[in-house]
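Just below is one structure, and these are the notes that go with it.
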Amino acid sequence: MAAELTVPQLSAKHRPTLDQALSAIRSRAYWSPHPEHPKAYGETAPADGLAAFEALRGTRFDLGQPGTDGWAGAEVSPYGPELGVEYPHVDPDVLLPAMKAGMAAWRDAGPEARALVCIEILSRISARTHEFAHAVMHTSGQAFMMAFQAGGPHAQDRGLEAVAYAYEEQTRVPGQADWSKPQGKKDPLELGKTFTAVPRGIALMIGCNTFPTWNGYPGLFASLATGNPVLVKPHPRAVLPLALTVQVAREVLAEAGFDPNLVALAVERPGEGIAKDLAVRPEIKLIDYTGSTEFGDWLEANARQAQVYTEKAGVNTVVLDSTDNYKGMLANLAFSLSLYSGQMCTTPQNLLIPRDGIATDAGHKSYDEVVADLAASVGGLLGDDARANALLGALVNPDVKARLEAAAGLGEVALESREVANPDFPDAVVRTPVMVKLDAAKPDPEAPFLSECFGPVSFAVAVDSTQDALDLLRRTVREKGAMTVGAYTTSPDTERALEEVCLEESAQLSLNLTGGVYVNQTAAFSDFHGSGGNPAANAALCDGAFVSNRFRVVEVRRQA
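Residues 1 to 560 in the working numbering are what the sequence shown spells out, letter by letter.
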């Protein structure tokens, strides 16, 4: 296969980016090669991206994959319009052998060449960020700016981060070594040794509805960079962003002289549920999954032939003990509760507040005052419909709407949800968050705050004391898991106690956030998304453990 892109060309273009990524994961300092601002992509990029997206609607998305036995696709934007895109439906008995055929050449290329090819894929995706943003917006329901940033540069950062970790782990062992063991007066024992990172097999990446690229890219690029072919199985409501990704990857692989079938797409017909069938096939050796706890648990229990990486549900908690910036605390929490209608795995749900209130720079505030002030802060933030639409986006599916409506019957409503009209998309379902007051002192093993209520729902939970809040936090993380924990305190002792709970239960903690950084946002190369140490996820995005089990080192010894 003739290569239009050579390794020297890719090295000249991308080796500096790889080196900077490697430096960033070691220093944990801020760094990103992917611009966050839409204007950074050129004057015509916004119009070009929208036109490219519109041109995809109502078309057949042909990838030229082996085993295509029909067409599928029924995406409807959360904003209303049908996308009308048809994607290849595949016969895995034909596609999977074709994917394995290119593995040897991809393995023999080595860690650096694989990393450079992956960075070229990300570079081309980055150049089309505006197009991808519309695809993410109209499959996830994110507002455009969030779809642009989270679905574009932030997702690309997470993909590049995975590539950097993959390269780092694979090159930890040298490619070759001369081994000589002294034997006293005899000649030394001498061997020549080579060490090769070999892939595990085909990786299955099962995409999610809310963050198809952000949650999908780490596993996709971690597997590809470690030599494994990747079969991308998107969520049926969010196919387009990952189909575009597969298209770009196949183009780059072919141009670099590799088999494009190293990356392929598997789309299901309505109600087909192919993820279960694919997950237990013997060819599948790696699985990445983001979604419900129920299916994540099923994968962990049943896909025994594969290494399974899951991000499931958790109950994210914020402990309110005291603050020296009451206004900043309220504003920060209001934004965190509102962003993308709470449809993030990192959005706080339980706000644990001592029933006697908290000390603040604005004087002592009772439980009722804190709840009322936070409700007012959310209301003020979302009072203008234009700003509300820009922050909330649209509800991603009817299940979220049903949970939101049911939440009002769980307790006293401190903040009512209201309907927001979107003038650009009249069919969009846009709702502001609901906040419900609950009491932790009432013994109820089925208490609503002990389970995840995914969507724009939060519970202001009255607790007897900060110690009781810490005990409830520990129980929640241990039993249900948490992607994030937040806390506000001016007490060094309480801060140490919070840290101890989170260290023991493996939960990522954010303390006293009152500015422009929020508990539900993480930065690639610096922040870990999840820990892999509590029930919410068995892996972290991204660390060495996320990539190191995707390959094995095989040694060949030769007599010198």
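Each residue gets a CB set at the ideal place from its N, CA and C atoms; glycine is no exception.
In the structure shown, the three-state DSSP call for phenylalanine 195 is strand. In the DSSP assignment, serine 140 falls outside any beta strand (DSSP E) and within the unbroken alpha helix (DSSP H) covering 129-140.
For proline 35 and tyrosine 41, the gap between their C-alpha atoms comes out near 8 Å.
As the crow flies, the alpha-carbon of aspartate 324 is around 30 Å from that of glycine 411. A distance below 7 Å separates the beta carbons of valine 463 and leucine 352.
In the DSSP assignment, the residues bridged to valine 556 are Thr194.
Of the candidates His154, Gln183 and Ala482, the residue whose Cα lies closest to the Cα of tryptophan 31 is His154. By the CB criterion at 7 Å, leucine 18 and alanine 133 fall outside the cutoff. Collapsing the DSSP output to three states places threonine 476 in a helix. Of the residues assessed, glutamine 467 falls on the exposed side of the cut-off, its CB having fewer than 16 other CB atoms within 10 angstroms.
Counting every other CB atom within 10 Å of its CB across the protein chains shown gives leucine 382 a total of 16 or more, marking it as buried. Judged by DSSP secondary structure, proline 260 falls outside any alpha helix (DSSP H); it is assigned neither H nor E.
Secondary structure of threonine 6 (DSSP, three-state): coil. About 6 Å separates the beta carbon of glycine 357 from that of tyrosine 367, a gap short enough to meet the 8 Å contact definition.
With 16 or more other CB atoms across the displayed protein chains lying within 10 angstroms of its CB, leucine 220 is buried.
By the neighbour-count criterion, in which a residue is buried when 16 or more other Cβ atoms sit within 10 angstroms of its Cβ, arginine 28 is exposed. Look at tyrosine 289 here: in three-state DSSP terms it is strand. Taking the Cα positions, tryptophan 214 is about 15 Å away from histidine 130.
Pairing leucine 391 with glycine 455 gives a Cβ-Cβ distance that is not under 7 Å. A contact between stretches requires three or more CB pairs, one per stretch, nearer than 8 Å, and the region 242-256 fails this requirement with the region 190-198. A contact between stretches requires three or more CB pairs, one per stretch, nearer than 8 Å, and the region 200-217 fails this requirement with the region 180-192.
Residue pairing by DSSP places glycine 70 opposite His89 in a beta bridge. The DSSP-derived three-state label of threonine 17 is helix. A straight line joining the alpha-carbon of valine 173 with that of glutamate 555 spans about 11 Å.
For arginine 57, the closest of Ser77, Pro38 and Ile287 by C-alpha to C-alpha distance is Ser77.
In this structure methionine 146 touches tyrosine 340 by the C-beta definition: roughly 6 Å separates them, less than 8 Å.
Lysine 276 and leucine 299 have their C-alpha atoms some 8 Å from each other.
When the five nearest sequence neighbours on each side are left out, the beta carbons in the same chain lying within less than 6 Å of the beta carbon of proline 448 are those of Leu410, in order along the chain.
The residue among Pro348, Leu286, Ala306 and Gly102 with its C-alpha nearest the C-alpha of glycine 486 is Pro348. In this structure leucine 244 is in contact with alanine 135, their Cβ atoms being roughly 6 Å apart against a cut-off of 8 Å. Between glutamate 75 and valine 90 the beta-carbon gap is near 18 Å, outside 8 Å, which marks them as no contact. Nearest neighbour of asparagine 332 by Cα position, chosen from Pro535, Leu278, Gln521 and Glu120, turns out to be Gln521.
Taking one beta carbon from each stretch, the region 228-235 and the region 262-279 have 3 or more pairs nearer than 8 Å; the two touch.
By the criterion of a C-beta distance shorter than 6 Å, tyrosine 217 is surrounded in its chain by Ala155, Arg158 and Gly159, once the five residues flanking it on both sides are discounted.
When the beta-carbon positions are compared, valine 371 and alanine 408 stay at least 7 Å from each other.
Approximately 14 Å separates the beta-carbon atoms of phenylalanine 528 and tyrosine 309; this is outside 8 Å, ruling out the contact.
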